[in-house]
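What follows is a single structure, written as structure tokens, with notes after it.
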Amino acid sequence: MSKLYKSSHVVSVEELKRLEWLNKYASKQEVEEEPVAPAADEETISLRDQILTDAESFAKQRIEESSEQIEEMFKQANDQIDGWWLERRLQDEELMEQIRRDGFQQGHEEGRQNAEQEVRAQWETMLTEARSILDSAYQTKEQIIQESEPFLVELSAAIAEKIINRQLTVSPEWSLDLIRKSLERRREQGVIILCISPNQLTFVQAAREELSLVIDSQAELQIVPDVSVKDFGCVIRSSFGSIDARIDTQLSEIKRELIQLTLQAEERGQDDEN
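Here the sequence shown is numbered in numbering that gives the first Met the number 0, starting from 0 and rising by one per residue.
See the structure below:
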């Protein structure tokens, strides 16, 4: 915005007209008086010179003031241009900073979203792998159980056999109960042969009368040693066939039945999966 500078010396319109008239008059008088060359009035000449001097001083002053005013206007214009450029640079810097912040914020948000998606994908992959491992573990467990069931049956039968033999050793009357129950299954007449372990022959012979009470009165009981019979148990033979009451034979039969049940359960499980 420009400023208007006012001079401290102000010339009125009247004075300007008077100066203009005096200049014209002085010029005309010089032309007219040249041929005659009269003597000039000293007072008039002095007044004219004073007026001219004042006019020249006024003109110089106005020129100087105008120059100063123009310089000030140029200075103000330059200051305004510099201020405008400075403000524009500041605005540009603020704009670039805002763009940088927006870009950083946008990049940060995009990075966060990408990181969340990546973590979520990794988590889902880990869950899928965990489920697969768990399913495989269940299948492995079932497979181990199925494969170990025959072994467990064998182990259980061996343990049972040892327990039974130990108990029969401690309480031999249990073997007589086993023989008695086996003889009760024979209700025929004729010869009934009771085959026992050679180690038990004396013990069983001592209980002949007791054992004879459980068979038919018309039947004849014969007690003979048999090396195929182990320490306890017996084999009963007659004309109608034989009964194998040996402990190891009975345990083998129990073991066979258990294995058969295991195989049947495994087949049913496979059918359910299919």
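In this text, a Cβ means the ideal position worked out from N, Cα and C, and glycines have one as well. As the structure is a computational prediction, the values presented were derived from the model and not from experiment.
Item                                                                                                                                                                                : Value
Give the secondary structure of residue 101 by DSSP, where H, G and I count as helix, E and B as strand, and everything else as coil.                                               : helix
Which word fits residue 32, buried or exposed, when buried means at least 16 other C-beta atoms lie within 10 angstroms of its C-beta?                                              : Summary for residue 32: the model assigns pLDDT 47, below 50, so the residue's position carries little reliability; its value from the coordinates is reported in the next sentence. Exposed: under 16 other Cβ atoms inside 10 Å.
Here's the rule I'm using: 16 or more other beta-carbon atoms within 10 Å means buried, otherwise exposed. How should residue 234 be labelled?                                      : buried
Please classify residue 217: does DSSP put it in a helix, a strand, or coil?                                                                                                        : coil
Compare the C-beta of residue 180 with all C-beta atoms of chain E and state if any pair is closer than 8 angstroms.                                                                : Among the chains of the structure shown, chain E does not appear; only one protein chain is present.
State the beta-bridge partners of residue 233 as determined by DSSP.                                                                                                                : Per DSSP, none; premise fails for residue 233.
Run through the region 86-140 for me and flag every whole alpha helix (DSSP H) of 4 or more residues, listed as ranges in chain order.                                              : none
Provide the residue(s) that pair with residue 274 in DSSP beta bridges, ordered along the chain.                                                                                    : With the chain represented from 0 up to 273, any question about residue 274 goes unanswered, as that position is not in the structure.
Report the partner residues of residue 243 according to the DSSP bridge assignment.                                                                                                 : 234
In this structure, what does DSSP give as the bridge partners for residue 224?                                                                                                      : 195
Assuming the contact rule is C-beta atoms closer than 8 angstroms, residue 221 and residue 192 should be a hit. Round their C-beta distance to whole Å, please.                     : 5 angstroms
Which residues bound the alpha helix (DSSP H) around residue 177?                                                                                                                   : 172-182
If you follow the alpha helix (DSSP H) that residue 210 is in, where does it begin and where does it stop?                                                                          : 207-211
Just to confirm my understanding: we take residue 212, look at its own chain, exclude 5 residues before and 5 after, and list those with CB closer than 7 angstroms. What are they? : none
Among 100, 186, 201, which one has its Cα closest to the Cα of residue 241?                                                                                                         : 186
Looking at residue 224: is its Cβ nearer than 8 angstroms to the Cβ of residue 195?                                                                                                 : yes
Do residue 190 and residue 227 come within 8 angstroms of each other at the CB atom, strictly closer than that value?                                                               : no
Suppose you measure from the CA of residue 111 to the CA of residue 120; what does that come to, to the nearest Å?                                                                  : 14 angstroms
Here's the rule I'm using: 16 or more other beta-carbon atoms within 10 Å means buried, otherwise exposed. How should residue 231 be labelled?                                      : buried
By the three-class DSSP mapping on this structure, what secondary structure does residue 47 have?                                                                                   : helix
Look at the Cβ atom of residue 257, then the Cβ atom of residue 152, and state whether they are nearer than 8 angstroms.                                                            : yes
Tell me whether residue 185 sits in a helix, a strand or coil according to DSSP, three-state version.                                                                               : coil
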